[in-house]
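Take the sequence shown: its letters are residues 12 to 169, numbered as in my numbering. From the three backbone atoms N, C-alpha and C, an ideal C-beta is built for every residue, glycine too.
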Amino acid sequence: MRKVIYPGTFDPVTNGHVDVIKRATELFDSVVVTVAVNTSKAPLFTTEERLKMLEESLKGFNNVEIDHFEGLVVEHAHQVDAVAIIRGLRAVSDFEYEFQMALMNRKLDSDITTVFLMPHEKYTYLNSSLIRNLAELHADISEFVPDPVLAAFKAKFK
Ligand code: COA
């Protein structure tokens with residue numbers, strides 16, 4: 012049974028993340044999408060809200076679990092018996108940061124491998140900050156996020 016984790020802030024989950032998750036579900040037996048609780052970011056949505064949006068948005072996948080973690084991502088990978096960490100690469104600009112993280116994680120724990128997946132090119136320019144900005148300004152974000160995220164923004168910025 013090959014299990015992988017896909018960590019991130021997911022503030023909120025976007026269709027670009029879902030695209031990466033779908034690709035991961037086709038490669039691994041089980042995918043744990045896991046919310047980082049303590050990041051240097053100051054998330055708009057609480058941990059509970061981010062978890063709920065993920066639960067609702069990923070209901071259609073039968074080999075996806077939702078989780079959250081504090082501390083080192085490699086320790087979390089071990090705790091859930093994952094063999095690898097998925098990271099998305101949207102563009103060359105992602106590469107340097109991701110490369111550093113992957114090598115540091117390998118240094119911390121050589122048993123855990125980082126696997127990079129590319130989302131569809133239509134999601135290259137997507138990130139959660141842009142979505143938050145657009146939503147706050149009441150722009151139409153329906154083509155970029157799953158329906159439960161749309162509903163969560165409607166409740167937040169009504
Ligand atoms: N589609 C759309 N957007 C995407 C995307 C995709 N496929 N992939 C990434 N993004 C966006 C994210 O939404 C996020 O947007 P934002 O910064 O505007 O909010 C941005 O790109 C980068 O986020 P992401 O790649 O998800 O990283 P993160 O900051 O959310 O998560 C952690 C980074 C939490 C995984 C990492 O800091 C970590 O592992 N922390 C734990 C502590 C640790 O172990 N540290 C040692 C690591 S070496």
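Distance cut-off 7 Å: residue i Cβ against heavy atoms of the ligand COA
i	result
residue 14	no
residue 137	yes
residue 122	no
residue 36	no
residue 27	yes
residue 145	no
residue 117	no
residue 20	yes
residue 148	no
residue 61	no
Residue i in three-state terms, based on DSSP
i	result
residue 153	coil
residue 16	strand
residue 165	helix
residue 148	coil
Contact under 8 Å by Cβ, residue i with residue j
i	j	result
residue 128	residue 35	yes
residue 40	residue 14	yes
residue 48	residue 81	yes
residue 44	residue 77	yes
residue 157	residue 31	no
residue 134	residue 98	no
residue 25	residue 54	no
residue 52	residue 22	yes
residue 67	residue 159	yes
residue 87	residue 16	yes
residue 7	residue 74	Not covered by the structure: residue 7. The range shown for the chain is 12 to 169.
Rounded separation between residue i and residue j - CA only
i	j	result
residue 96	residue 166	33 Å
residue 138	residue 12	31 Å
residue 169	residue 61	18 Å
residue 83	residue 146	31 Å
residue 91	residue 120	15 Å
residue 57	residue 116	26 Å
residue 50	residue 163	21 Å
residue 29	residue 143	17 Å
residue 110	residue 103	11 Å
residue 106	residue 59	30 Å
residue 122	residue 94	7 Å
Any C-beta of chain D under 8 Å from that of residue i
i	result
residue 27	Note that chain D does not occur in the displayed structure, where there is just one protein chain.
Mind listing, in chain order, the continuous beta strand (DSSP E) runs of no fewer than 3 residues lying wholly within the region 23–107? 41–47, 75–80 and 95–99
Contained alpha helix (DSSP H) runs [length at least 4] in the region 102–138, N- to C-terminal order: 103–119
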